[in-house]
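K.L.:
Quick one: the structure is below, and I'll ask about it shortly.
Numbering (the numbering used here), first residue to last: 4 to 368.
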């Protein structure tokens with residue numbers, strides 16, 4: 004039966020490719036913090052590639068012959084995207100910064116050790132004396148106040164270390180500076196990069212590799228673009244609802260709800276919690292209305308938006324999605340929450356393709 008790796012030369016080449024990929028993956032894992040900007044750039048390249056390809060195809064033949072069509076398409080996309088981003092951020096960034104500052108002023112008293120001591124003393128004095136005596140008798144070694152102070156100190160120390168690490172990482176800063184140029188090169192030479200990747204594989208295997216890459220591209224592209232559109236729509240609806248209900252920090256909370264939308268199934272609930280808590284500071288009835296508003300938004304999303312925007316991409320039952328989210332978050336944390344579902348869908352479709360492909364007569368990968 005024919006095989007892709009029937010000769011020693013092909014086997015050696017396959018081993019070389021596998022070892023090289025393993026080394027590259029190990030290096031990526033070791034330097035992942037500095038590569039975060041490049042990951043963002045890769046996502047942007049993935050999102051902008053269809054628009055660049057569209058413009059490149061529709062430029063005059065003269066520009067294509069002198070090889071100016073694709074660079075001009077990229078520059079035009081840069082101008083449009085940066086113009087739209089600048090217009091949006093000119094309002095968005097100052098307003099969000101203002102609301103973040105307001106949020107800090109609201110929660111600052113609750114992070115102050117003196118306030119915590121005062122609240123704890125008030126709570127302790129409100130407990131019946133018999134219960135206090137039982138606690139002091141049966142739990143003599145438990146010092147809740149000291150525990151709270153220790154946890155708060157650890158939180159503050161961890162926050163300082165995190166901020167210092169991010170701000171002092173030279174590789175991260177350099178990555179941010181070079182990403183626009185790197186993104187230009189990726190968009191310009193995308194076809195060359197793809198062909199170079201395919202040429203790493205034996206000729207008999209290239210068509211299967213192309214099919215697998217196409218499966219990944221179609222599914223991941225549809226999922227990512229669909230999720231971003233859902234984030235935008237849900238974030239906008241949440242912001243409008245919170246503004247109508249008069250909740251403080253409406254733009255910040257609506258933006259947070261939109262961002263959390265990237266987490267399948269659980270995202271809408273996680274996005275509603277901060278808004279409901281903020282509304283509780285105003286009036287309990289307002290919190291109830293906020294909860295109702297988010298429930299309506301979720302129904303609109305489930306009934307009208309998800310089936311049309313991203314439902315056809317992953318083709319998973321919601322119950323299975325919840326299991327995938329839990330397992331992926333256990334394995335990869337926040338990355339698992341965001342990417343677990345599309346990766347599971349990609350693995351499913353690749354398995355299906357290879358299973359059906361190996362069932363063909365004379366085929367043995």
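Note that CB positions come from ideal geometry on N, CA and C, so glycine has one too.
Taking three-plus beta-carbon pairs below 8 angstroms as touching, is the region 190 to 202 in contact with the region 331 to 343?
P.N.:
Flag = no, the region 190 to 202 and the region 331 to 343 do not touch.
K.L.:
Which of helix, strand or coil does DSSP assign to residue 37?
P.N.:
Here residue 37 sits in coil by DSSP.
K.L.:
Is it buried or exposed, residue 354, if we count other Cβ atoms within 10 angstroms and call 16 or more buried?
P.N.:
With fewer than 16 other Cβ atoms within 10 Å, it is exposed.
K.L.:
Ends of the alpha helix (DSSP H) at residue 67?
P.N.:
Looking at the DSSP string, the run of the alpha helix (DSSP H) that includes residue 67 is 64 to 68.
K.L.:
From residue 30 to residue 23, what does the alpha carbon distance come to, in whole angstroms?
P.N.:
If you take the alpha carbons of residue 30 and residue 23, they lie about 11 angstroms apart.
K.L.:
Less than 8 angstroms separating the beta-carbons of residue 279 and residue 341?
P.N.:
Contact: no.
K.L.:
Does DSSP put residue 192 in a helix, in a strand, or in coil?
P.N.:
Coil at residue 192, not helix or strand.
K.L.:
Residue 250 to residue 187, Cα distance in whole Å?
P.N.:
Those two C-alpha atoms are separated by around 42 angstroms.
K.L.:
Could you tell me how far apart the beta carbons of residue 275 and residue 290 are, in whole angstroms, since I believe they sit closer than 8 angstroms?
P.N.:
Not quite, the Cβ-Cβ distance comes to about 10 angstroms (not below 8 angstroms), so this is no contact.
K.L.:
Output the boundary residues of the alpha helix (DSSP H) element that contains residue 323.
P.N.:
Here the alpha helix (DSSP H) through residue 323 covers 321 to 361.
K.L.:
Verify whether the separation of the beta carbon atoms of residue 190 and residue 304 is less than 8 angstroms.
P.N.:
Going by C-beta atoms, residue 190 is not nearer than 8 angstroms to residue 304.
K.L.:
So, with DSSP's three-state summary, where would you put residue 71?
P.N.:
Reduced to three states, the DSSP call for residue 71 is coil.
K.L.:
Do the CB positions of residue 257 and residue 229 come within less than 8 angstroms of each other?
P.N.:
No, the pair does not count as a contact, with Cβ atoms beyond the cut-off.
K.L.:
Look at the alpha carbon of residue 224 and the alpha carbon of residue 49, and state the distance between them as a whole number of angstroms.
P.N.:
So the two alpha carbons sit approximately 7 angstroms from each other.
K.L.:
Would you grab the beta carbon distance between residue 267 and residue 344 for me? Rounded to a whole angstrom, and I think it's under 8 angstroms.
P.N.:
About 5 angstroms separates the two Cβ atoms, so the contact holds.
K.L.:
Which value, in whole angstroms, describes the spacing of the CA atoms of residue 347 and residue 89?
P.N.:
So the two alpha carbons sit approximately 36 angstroms from each other.
K.L.:
Can you find the residues in the same chain that come closer than 6 angstroms, C-beta to C-beta, to residue 242, ignoring five residues on each side of it along the sequence?
P.N.:
Result list for residue 242: 253, 254, 257, in chain order.
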